[in-house]
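Working notes for the structure below.
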Amino acid sequence: MNQPFRLPEGGLIDRDKPVTFRFDGKSYGGFAGDTLASALLANGVHHVARSFKYHRPRGILGAGPEDPAALVQLEPNTARTEPNLRATEIELYEGLNAGAQNCWPSLGFDIGAINDVFSRFFPAGFYYKTFMGGPGWMFFERFIRASAGLGVAPGEIDPDHYEHTNRHCDVLIIGAGPAGLAAARAAASTGARVILAEQTAHPGGQLLDEAAGQTTIDGMSARDWVKAVREEIEAAPEAMVLTRTNGFGYYNDNWFALCQQLQDHLPLAERDANKPRQRLWHVRARHIILATGAIERPLVFAGNDRPGVMLAGAVRHYLHRHAVLPGRRAAILANNNSAWQTAFDLKTAGAEMAAILDTRPDAPQVLRDRAEALGIPVKTGAAVTGTLGRRRIKAARTGDIEGDRIAIGSAEMIGCDLLAVSGGWSPNVALFSQSRGQLRYDDDIAGFRPARSWQEEATVGAANGTFDLAACLAEGAAAGANAARVAGFDDASQSVPRVSAPHAIDYDITPAWRLPMERKTDRAFVDMHNDVTSKDLDLAVREGYRSVEHAKRYTTLGMGTDQGKTSSVNGFGILSEILDTPIPEIGVTTYRPPFKPVTFGAVAGQHVGANFHPRRTTPMHEAHVEVGATFEIVGDWLRARVYPRAGEDFDAALQRECKAARTQLGMLDASTLGKIDIRGKNAREFLNRIYSNAWLKLPPGRCRYGLMLNEDGMVFDDGVTACLSDDHFHMTTTTGGAAGVLNWLEDYAQTEWPDLEVYLTSVTEQWAVASLCGPNSTALMAELLDDLDPDPESFPFMSWRPAHIAGIPVRVFRISFTGELSYEINIPARYGRWLWDRCMALGEKHGITPYGTEGMHLLRAEAGFVIVGQDTDGTVTPIDLGMDWAVKKTADFVGARSLTRPDTARTDRRQFVGLLSEDPTIVLPEGSQIIATPHETEPRTPMIGYVTSSYMSPNFSRSIALGLVEGGHTRMGEPVYVANKNGTPHRASISPVNFLKELGGAS
Amino acid sequence: MLIITCPYCGPREQSEFHYGGEAHIARPADPQALTDGQWAEFVFMRSNVKGVFAERWNHSSGCRKWFNALRDTSTDRFLAVYEMGAKPPQIDAPELRTPAGEPLIGSGNDETKVMTEAEMTEAEMTEDLGGGS
């Protein structure tokens, strides 16, 4: 296909593999090895986006992750669509479809561009100032969000999958440019475990962005040297090279996060659904070498954001990597030597060079000579004061710099379709700063560079402000050898690559943070990602935002997905000029991970769907599934909630189950209860200090209910503990509290009372538990048990016995959470399912009915038993619960002293009571507020409590509720009102909590 | 993610540990003998140190032992670990850069991110600056 700006030869593209792709609805041709940006440029397309705020046409400025504005929507209107991707980083694949974003109806004609016409009404801080008043931000936000913003988030579930991997290594090197390659080769030569990560598809960095043959290393062309070194590294036994891998986060103790793209470069049809799309690496490295290169800065001048204005280094990138001529008639604007190379390369590649404009008063003679030899006009002390062209630059207006203005009468128009700019190179210190290393400002390079490392790290090459190739290679090799030595590997190869680059150009910069402008209305963009102009920075300082962090937030300079890669340092320089303060004292904003955007998919990895939070299931779980139980999540567990029969709804099933449990026989899977085995000669004393009630006299064979408090006196867990022998106890905890209770017990055992000999072991999963409840339970137990008479007369309440069922040893507890005659059978977990089935089979004639957690909650509420965490919230004492009987006066225990603090001793605290609605058919909604009067009073009716549990009781044929009410214990029978959002408050009366006694006449 | 050195197991990932708050706060032997104020001091009040802080850690996904550590809260750097019941080892106080108590480097505080010109002059005379360590 016609690619008018493709050079006839050269580049790292495969001309045998033409690729067809679509952008903004049009079809184009490119080659394998292209990026979307290089392929668009080959077709002469510069205008690829509309800007964030003013909807200005934006082109391709850079060649990598630094590009602030060439953002596209990849694969629009599909499940795989991804917004805000940089065209400069998307590897071209057959059939690729990219859409322009932030424009309507089209990229070429965008209604939102009206914002640009009225831009003087939208300065920095416009939103803050305008929308905080009146109806407020909450009202305006949705309109603003609709008109601003960039791409569109995918609306469907991501069809791809992702994975995480963890790795330890000795030396991790980020960036495979010349310095990184030299470092990796030296480190790998020692046998150390080395990982070299490169964000693009090809190692080589700047060496690939120059004309073939320009540089010779160790007698090879630069490209051959890169290839040879890569092979050498990969041949080392413990080294690997990761390409397409973005090292984005440098965390504590050399913990590093990288995102590897595995399939993004493949045509959609060729992607393997069985393999991950991306892989997130967590690498812990003994030593890290940052070889992250430098990022070129644009210059800040009027009209500097017009499509066709490109970074000079990016122009070389497209010329040499992709054999694309970004323009046929080019001009250069620079404040340093490096951009001159672009002029020479463009000319050599066949472009017409309109001018080299250098802002410095003078330029080195050697460069002038080369320009002259190539016939390129040169103007020093020159600025660009404006650009023309609607969707691509047509001409640049220049003038002579005279102090902070343009010399009158010096203006000149230069026709060009490409303006290559260079404001200098900023060492890419983002990752170094993430590591919390300290920067310094270096006047020689006009940039920030690493000064002191905080972690086990070294920064080398251009990232360290070293721009000379030979020096980069030497620095890399030395750092690689040193890193290996730190990790315990000596004998690094000492060879330092020999460089021959006779025409290399040194850097030599004189900063020009912003160029003079001719007219007050001119705008020069500092941040092309967020549409921040130099005048916005003036405004921010005028309004008092003098700190660099404040100016950033006020203007949005350096914010957004590009994180100011091209704009930050220019912004710091301009602030320095406005404030007349040296740049080191201006400082820098904070560099935070990620260095560049990472997909949510990669961050989530495998932890999606059923793997998001794996659930624990009981040994009886399948039995519940088979009969169609519905489940609820309790702690990490899945528990059966109710067992609806065919045609039965939730409520009907619940009522049936609870009726059966009191009148016939119910069975609950109680396996999830926390179980802790406590041994040791001081186990009893330990329990006595931990629980609020007395434990010293509990004999073997007996059980006791206990409450645990925090030191603040508030209930945090409860459960029944059985004495197995004098030095051996079996504790149960709530399902959700099991892990926390064990940690808490161990804390006291190890740190407060190390003199007590006590051993704690979680045995939750060792036992399956079936809880049998109801008048027929004794009959079923008699059939089940080999060697124990379950008669409640001889096997009384709150005792336990060892026994056997079909020869299997079990522990049977006569404890009850329903107030009904109950037995809890603990059987080794592997017999859990068998026991459940056996109980179901033998219990059929007794009317056995499985009930779930909802039934358990209802049955215990009928008996007035508290559920810690439902009826309590961490502000409830045992006294508040009416459980004074569980508080011993004879000895200290955890939290005891707090119960006599003035606040906990108040008699008007919220206390645990029963609530009976006047209308027995009304189930008071849980969480409802309780108020003292049925009428709202001024200013507001005080809330005196709230409903914690509420059910329709099948056994009393009326609703019951539990709640916390101020002074409730002394208000028995008094009316209260329960707020009702749909009408007048419900009237209810306060009652004791034990409804079995209150309503059922139980003793 | 930090590396924490368990005194019993050696260096392990932070995700294996649970934090236990300030160290060296012994539970009173006879709580009932304390005034309400004294008891509240034990239950509720903890220091909030910027700088070297003695704190408790539990190797909860490892050996499950509790131990003490000295950590600089402004930089997250562990300076020492020691057993329960032991006295904290002597640590040289770091040289502070900011009035609020951050050391020269490692806190991420604005004042410490970039060397001042005076510091650069001083450092150029006394140390080998650069990204290398």
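The listed protein sequences correspond, in order, to chains A and Z. In terms of numbering that gives the first Met the number 0, the first sequence opens at residue 0 and continues consecutively. In terms of numbering that gives the first Met the number 0, the second sequence opens at residue 0 and continues consecutively. Each residue gets a CB set at the ideal place from its N, CA and C atoms; glycine is no exception. Predicted, not measured: the structure shown is a model, and the values here were computed from it.
- Message: Quick check on DSSP: helix, strand or coil for P102 of chain Z?
- Response: Here residue 102 of chain Z refers to the residue found at position 103 when the second sequence is read from its first residue. Note: P102 of chain Z maps to strand in three-state DSSP.
- Looking at the unbroken alpha helix (DSSP H) that takes in K551 of chain A, where does it start and where does it end? In the first sequence, counting from the first residue as 1, residue 551 of chain A sits at position 552. First-last of the alpha helix (DSSP H) with K551 of chain A: V547 to T554.
- Task: Tell me, please, which residues DSSP counts as bridged to G28 of chain A.
- Result: Position 29 of the first sequence holds residue 28 of chain A. A:T19, per the DSSP bridge assignment.
- Message: For a contact defined as C-beta to C-beta under 9 angstroms, what are the partners of L438 of chain A on chain Z?
- Response: Residue mapping note: residue 438 of chain A aligns to position 439 of the first sequence, counting from 1. Result: K112, V113 and M114.
- Excluding the five sequence neighbours on either side, which residues of its own chain have a C-beta within less than 6 angstroms of the C-beta of A478 of chain A, listed in chain order? Position 479 of the first sequence, counted from the start, is the residue given in the question as residue 478 of chain A. Answer for A478 of chain A: A182, I288, A457 and V459, listed in chain order.
- Query: Buried or exposed: where does E371 of chain A fall if 16 or more other Cβ atoms within 10 Å of its Cβ makes it buried?
  - Reply: For the purposes of this step, residue 371 of chain A is taken as residue 372 along the first sequence, with counting starting at 1. Result: exposed.
- Query: Quick one, which residues of the stretch 39 to 59 of chain Z are near chain A if we go by CB-CB under 9 angstroms, in chain order?
  - Reply: A39, F41, V42, F43, R55, N57 and S59
- Query: With distances taken from CA atoms, which of Z:L95, Z:M0 and Z:M114 is nearest V51 of chain Z?
  - Reply: Sequence index remark: in the second sequence, residue 51 of chain Z carries index 52 (1-based). If we check each option's Cα against that of V51 of chain Z, Z:L95 comes out closest.
- Task: Report the rounded CA-to-CA distance for R390 of chain A versus K551 of chain A, giving the unit in angstroms.
- Result: Position 391 of the first sequence, counting from 1, holds the residue named residue 390 of chain A. Position 552 of the first sequence, counting from 1, holds the residue named residue 551 of chain A. Straight-line Cα distance between these residues: approximately 29 angstroms.
- Message: Can you tell me whether I90 of chain Z is buried or exposed? The criterion is at least 16 other CB atoms within 10 Å of its CB, across all chains shown.
- Response: Counting from 1 along the second sequence, the entry for residue 90 of chain Z is found at position 91. Exposed, because fewer than 16 other Cβ atoms sit within 10 Å of the Cβ of I90 of chain Z.
- Query: Among residues of its own chain, excluding the 5 on either side of I573 of chain A, which ones have a beta-carbon nearer than 8 angstroms to its beta-carbon?
  - Reply: Stepping through the first sequence from its first residue, residue 573 of chain A is reached at position 574. Excluding sequence neighbours, I573 of chain A sits near V299, W512, R513, V525, S533 and L536.
- What does N742 of chain A reach in chain Z if we use C-beta pairs closer than 9 angstroms? Locating residue 742 of chain A in the first sequence gives position 743, counting from the first residue. Neighbours of N742 of chain A on chain Z, chain order: H17, N57, S59 and R63.
- Item | Segment contact flag, the stretch 576 to 590 of chain A with the stretch 260 to 276 of chain A, C-beta cutoff 8 angstroms, min 3 pairs | no
- Tell me, please, whether the stretch 693 to 711 of chain A touches the stretch 749 to 768 of chain A by the rule of three or more beta-carbon pairs shorter than 8 angstroms. no
- Check distances from the C-beta atoms of the stretch 85 to 96 of chain Z to those of chain A and list, in chain order, the residues that come in under 7 angstroms. none
- Task: Identify the contact partners of P30 of chain Z in chain A, using a Cβ-Cβ distance below 7 angstroms as the criterion.
- Result: Numbered from its first residue, the second sequence carries residue 30 of chain Z at position 31. D891, A895 and R896, listed in chain order.
- Using a Cβ cut-off of 8 angstroms, which residues of the stretch 744 to 762 of chain A contact any Cβ in chain Z, in chain order? E745, D746, Q749, T750, E751 and P753
- Using a Cβ cut-off of 7 angstroms, pull out every chain A residue sitting near L1 of chain Z, in sequence order please. Here residue 1 of chain Z refers to the residue found at position 2 of the second sequence. N251 and D252, listed in chain order.
- Quick one: what's got a C-beta closer than 7 angstroms to E973 of chain A's C-beta in the same chain, skipping five residues either side? Position 974 of the first sequence, counting from 1, holds the residue named residue 973 of chain A. Contacts found: S988 and I989.
- Query: Since N253 of chain A and E455 of chain A are thought to touch, with beta carbons under 8 angstroms apart, how far apart are those beta carbons, to the nearest angstrom?
  - Reply: Along the first sequence, read from residue 1 onward, the residue named residue 253 of chain A stands at position 254. Along the first sequence, read from residue 1 onward, the residue named residue 455 of chain A stands at position 456. Contact holds; Cβ gap of about 6 angstroms.
- Query: Hey, out of A:S37, A:H46, A:P363 and A:G735, whose CA is closest to I504 of chain A's CA?
  - Reply: In the first sequence, counting from the first residue as 1, residue 504 of chain A sits at position 505. For I504 of chain A, the nearest C-alpha among the options comes from A:P363.
- Message: Looking at R678 of chain A: is its Cβ nearer than 9 angstroms to the Cβ of A482 of chain A?
- Response: Position 679 of the first sequence, counting from 1, holds the residue named residue 678 of chain A. Position 483 of the first sequence, counting from 1, holds the residue named residue 482 of chain A. Contact: no.
- Message: Since I508 of chain A and N335 of chain A should fall inside the 8 angstroms C-beta cutoff, what is the C-beta to C-beta distance between them, to a whole number of angstroms?
- Response: The residue labelled residue 508 of chain A in the question sits at position 509 within the first sequence. The residue labelled residue 335 of chain A in the question sits at position 336 within the first sequence. That pair is a contact at about 4 angstroms.
- Query: Does the separation of the CB atoms of A123 of chain A and T555 of chain A fall below 9 angstroms?
  - Reply: Numbered from its first residue, the first sequence carries residue 123 of chain A at position 124. Numbered from its first residue, the first sequence carries residue 555 of chain A at position 556. Taking 9 angstroms as the Cβ cut-off, A123 of chain A and T555 of chain A qualify as a contacting pair.
- Task: Kindly identify the DSSP beta-bridge partner or partners of M855 of chain A.
- Result: Translated into positions along the first sequence, residue 855 of chain A becomes position 856. In the DSSP output, where bridge partners are listed per residue, M855 of chain A has none listed.
- E710 of chain A touches chain Z at which residues, Cβ-Cβ below 7 angstroms? Working through the first sequence from its first residue, we reach residue 710 of chain A at position 711. V42, listed in chain order.
- Item | Span of the alpha helix (DSSP H) around Q433 of chain A | In the first sequence, residue 433 of chain A corresponds to position 434, counting from 1. Where Q433 of chain A is concerned, the enclosing alpha helix (DSSP H) stretches over A429 to Q433.
- Residues that D75 of chain Z contacts on chain A, provided the C-beta gap is smaller than 8 angstroms: Locating residue 75 of chain Z in the second sequence gives position 76, counting from the first residue. Within 8 angstroms Cβ-Cβ: N251.
- Item | Cβ shell of M971 of chain A (< 7 angstroms), same chain only, five flanking positions each side left out | Walking along the first sequence from the start, residue 971 of chain A turns up at place 972. The answer, listed in chain order, is I989, S990 and P991.
- Task: Taking C-beta pairs closer than 9 angstroms, name the residues in chain C that F447 of chain A reaches, listed in chain order.
- Result: No chain C appears in this structure, whose protein chains are A and Z.
- Query: V170 of chain A: which of A:T214, A:V282 and A:S575 sits nearest, CA to CA?
  - Reply: In the first sequence, residue 170 of chain A corresponds to position 171, counting from 1. It is A:V282.
- Message: Within a Cβ cutoff of 7 angstroms, which residues of the same chain sit near S132 of chain Z, ignoring the five residues on either side of it in sequence?
- Response: For the purposes of this step, residue 132 of chain Z is identified with residue 133 of the second sequence, where counting begins at 1. Here the model assigns S132 of chain Z a pLDDT of 38, short of 50, so the residue's position is not dependable and the matter cannot be decided.
- Query: Quick check: the stretch 59 to 77 of chain A against the stretch 27 to 45 of chain A, are there 3 or more CB pairs under 8 angstroms?
  - Reply: yes
- Check whether the Cβ atoms of M309 of chain A and L106 of chain A sit closer than 9 angstroms, and answer yes or no. Taking the first sequence and counting its residues from 1, one reaches residue 309 of chain A at position 310. Taking the first sequence and counting its residues from 1, one reaches residue 106 of chain A at position 107. No, Cβ-Cβ distance for M309 of chain A and L106 of chain A is not below 9 angstroms.
- Query: Can you tell me whether DSSP reads Q869 of chain A as helix, strand or coil?
  - Reply: Locating residue 869 of chain A in the first sequence gives position 870, where the first residue counts as 1. Three-state DSSP puts Q869 of chain A in coil, outside helix and strand.
- Step through the CB atoms of chain A and report whether any lies within less than 9 angstroms of the CB of G100 of chain Z. Here residue 100 of chain Z refers to the residue found at position 101 when the second sequence is read from its first residue. Answer no: the Cβ-Cβ gap between G100 of chain Z and chain A never drops below 9 angstroms.
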